[in-house]
Amino acid sequence: MLADTTKDAIRAAYARLKDGLPGFRARASQGRMIAEVAKAFGTTGGVAVIEAPTGTGKSMAYLIAGVEVARFQKKKLLIATATVALQEQLVQRDIPLYLKLNGIEAKVALAKGRGRYLCPRNLAMAVNSINDTAQMGLAGFDADLVLWTRPPQPRDKQALASLRTAFDQHEWNGDMDTAPEPVSDLLRPMVTTSAGGCTGRKCGQFMICPFFAARRAVDDAEIIVANQDLVLADLTMPGEEEGWGGVILPRPDETLYIFDEGHHVPAKAIDRGASEVYMSATVRQLSRLGRQVHAAYSLTDKESLGKLSLDRGDEKLQELSNALEELEKEIRLGWLPDPAETEPMYRGSLGQLPAPWVEHARMLSLSTGEIQRWLTAVRRAVVEMTDGGPTQEALSRELGIALERIGKQASCWRAWSSEDPDEAPPLARWVTLGSDQQLVCHASAVSAGGLLRSVLWGNASGVVMTSATLSAGGNFRGFADAVGLPDDAITLSLPSPFDLAAQARLEVPAMRTLPDAREAHAEEISQWLADHLDWDAGNLVLFTSRAKLDRVLQKLPIAQVRKVRAQGSLGKSQLIAEHCADIEAGKGSTLFGLASFGEGLDLPGKLCETVVITQLPFAVPTDPVGATYAEWLESRGRNPFMEVSIPEATRLLTQYCGRLIRNETDRGRIVLLDRRVVTKRYGSGMLKALPPFRRLIERTA
């Protein structure tokens, strides 16, 4: 329970917000959210899931409750978002404004992963290697330590020189998001590092390392903003006292977590546990690793590392390589891909693979585990050398990256050979065949519930998840199942602060075709757009597939095509900037986009007066993770379409509708070109779950 002093501080902070924020409007939804966030954080291990529609003022609501409770409890407040845009908004605008209005001095830090910072060691290696003939495998360097995969271009040399000068002269702090020069996809991995490639305190550049400088700032901060991937990565790292987390970020039991854009959490948590092995590439990498290990034994002048001689280590690597090739043969014998499929896939029903594959995976799991332990000792010996020169630095980096790869392989083989628990959903296990005919082995959890139950719920001091869309019309069962929500968690769906019935109309035109008639539906969509869309206004048209977007674009009259800006033709920010410029200039502009345009896009007023949703956003039925989960539900007498597909499609549909009304003065219409909401039994429930727009459902002839 919250102390009275904390409650008073929250009330006072809210009062100062009302008095000091220009144009502030008191909203009942915001006040309710403040109370529920405070209630959750006032209980040790408390959890709240709050659906807060656009206009609620949710960031200020959770800051008012979160900052004050964290200060009184002497805890850290960690805000995890899914997008860089929201992170920047919080760090640059919302948090400083809140602190200023309340006269609070607090240290704020933006936490990022290693890959978002310059690695000074790797920068020096890249610069020094440009004109070094050693990069070609001469003068004592092994070709397997080469940094450049192709000769550097003039622009790469210029970028390197610019980065080094700016960093050395303290004009740039090493944050790659603010690099003084554009960094190409070739160059970026060369001047950054992963956890595996980092040697930490053993690195000669440790004291000037931008990542560790940022890490120290995070340690000192009272308010931390991070992306959800980094937070989940930290939570899944073994911490102190056999717990989880607290390695990169503060300890969970000392932290109050707010997951904004929380609808992304289930998918991101599943991705954390996913693994894959590219079979042919892995065999090639093992051959290269063997040569790197030879260099390590030679450099350290050791006969034995990790209790293995070089000859015995070679044998272990060869055994692993042979085992991979044996599994590949077994898979190719047991699976004949359909040549008509563009992306052939074999998926184990209920996650169960053929017994011979499982036995091979079990042997691979043991073998990769042995290689992991040995390679860890080899790398440690290289890292701890006192004077190994450039070769030591290059080897430390390459062996660390190799260790990461081996770890991912081990994870996949463990997943393939492990038994699924009786009561929990099975793992999804599948194989794909790439266009280069390379086999890829995959494994993934099918639900985030198990992972979050083990690392978050019950370990964190308190957790709030919030987003504009988390439920299906106020029903949180789908989201609760997806994240394994504790039974005593608070769930709350707040009403919109806008008068949606007056501001917007939902139309379902009398379409003759349904989406399963692909060509005919695309033809009818293009005809409806040509005849009924106001091409002189700002519009957003959302598609569920690139193929349908392209088909509709091909069928539109050329006059309309000229006013379309289609996702993928330019970068998203440039497309939106050009769209806004044309609308401001009095010209019409229509954005064609996929799912990523259906959320997070803020186009108020004239920038978007019509949102067209071409079809209901049901998940792709061939997704192996979703298909395995659906099978498991069916095996237990449950209906995956009713329990998963419809609630998720309803949530996404609500999200898409949310692109239209962004403030109190917006007006417009949402047009749904999918008659299934009228003709199918589930349709009425989906329509009922949508916000209370005025309805115009046309009758068919």
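Each step along the sequence shown adds one to the number in this note's numbering, with nothing skipped, and position 209 is 193.
Backbone N, C-alpha and C fix where the C-beta goes; we use that ideal spot for every residue, glycine too.
- A straight line joining the alpha-carbon of Pro340 with that of Thr326 spans about 27 Å.
- Three or more Cβ pairs closer than 8 Å define a contact, and the region 92 to 104 meets that threshold against the region 171 to 185.
- At least 7 Å separates the beta-carbon of Ala280 from that of Val367.
- Counting only the Cα atoms, Phe482 lies some 7 Å from Asn647.
- Exposure of Ala(-1) is indicated by the presence of fewer than 16 other C-beta atoms within 10 angstroms of its C-beta.
- Between the region 427 to 441 and the region 12 to 23 there are fewer than three C-beta pairs closer than 8 Å, too few to call the two in contact.
- A check of alpha carbon separations from Phe625 across Arg(-5), Lys664, Leu292, Arg381 identifies Lys664 as the nearest.
- For Cys396, there is no enclosing beta strand (DSSP E); the enclosing alpha helix (DSSP H) covers residues 373 to 401.
- For Asp140, DSSP records no beta bridge to any residue.
- For Asp159, the beta-bridge partners assigned by DSSP are Tyr101.
- Sequence-distant Cβ neighbours of Arg363 in its own chain, meaning closer than 7 Å and more than five residues away, are Ser380, Leu383, Gly384, Leu387.
- In the three-state DSSP reduction, Gly446 falls in the strand class (E or B).
- Burial is judged here by how many other beta carbons sit within 10 angstroms of a residue's own beta carbon; Ile355 has at least 16 and is buried.
- Contact annotation: Arg489 and Arg678 have beta-carbon atoms nearer than 7 Å.
- Nearest in C-alpha terms to Pro588, of all of Glu299, Gly652, Ala143, Val92, is Gly652.
- Ser480 and Pro37 have their C-alpha atoms some 5 Å from each other.
- Rounded to whole angstroms, the Cβ separation of Val492 and Glu682 is 6 Å, and the two are in contact under 8 Å.
- Considered as a whole, the region -6 to 45 harbours 30 to 35 as its complete beta strand (DSSP E) runs of no fewer than 3 residues, in chain order.
- For the region 622 to 656, the continuous beta strand (DSSP E) assignments of 3+ residues that do not extend past its boundaries occur at 652 to 656, in sequence order.
- In the structure shown, the three-state DSSP call for Ile114 is coil.
- Looking at the DSSP output, Ile208 bridges to Leu62, Ala93.
- The DSSP-derived three-state label of Val595 is strand.
- Shown here for Asp237: same chain residues with a beta carbon closer than 6 Å to its own, the five before and five after excluded, namely Ser445 in chain order.
- A distance of 7 Å or more separates the beta carbons of Thr638 and Lys42.
- Each of Ala633, Glu503, Ser619, Gly181 was checked against the Cα of Pro409, and the nearest Cα belongs to Ser619.
- Counting only residues of its own chain and dropping the five nearest sequence neighbours on each side, Leu94 has a CB closer than 7 Å to the CB of Gln71, Val75, Val209.
- Pairing Asp204 with Lys59, the inter-Cα distance amounts to about 12 Å.
- Look at the beta carbons and you see the region 413 to 424 not touching the region 591 to 604: under three pairs across the two are nearer than 8 Å.
- Close CB contacts of Ile48 within its chain, under the 7 Å cut and outside five residues either way in sequence, are with Ile(-6), Ala(-3), Tyr(-2), Leu1, Ile18 (chain order).
- Proximity of the region 212 to 228 to the region 544 to 556 falls short of the contact definition, fewer than three beta-carbon pairs being nearer than 8 Å.
- By the neighbour-count criterion, in which 16 or more other beta carbons inside 10 Å mark a residue as buried, Asp285 falls on the exposed side.
- Around the C-beta of Gly621, fewer than 16 other C-beta atoms lie within 10 Å, and the residue is accordingly described as exposed.
- Every unbroken stretch of the beta strand (DSSP E) spanning 3 or more residues and falling wholly within the region 186 to 249 is given here in chain order: 207 to 211, 239 to 243.
- The C-beta distance from Cys425 to Val261 rounds to 5 Å, short enough to meet the 8 Å contact threshold.
- In the DSSP assignment, Asn86 is bridged to no other residue.
- For Ala427, the enclosing beta strand (DSSP E) covers residues 423 to 428.
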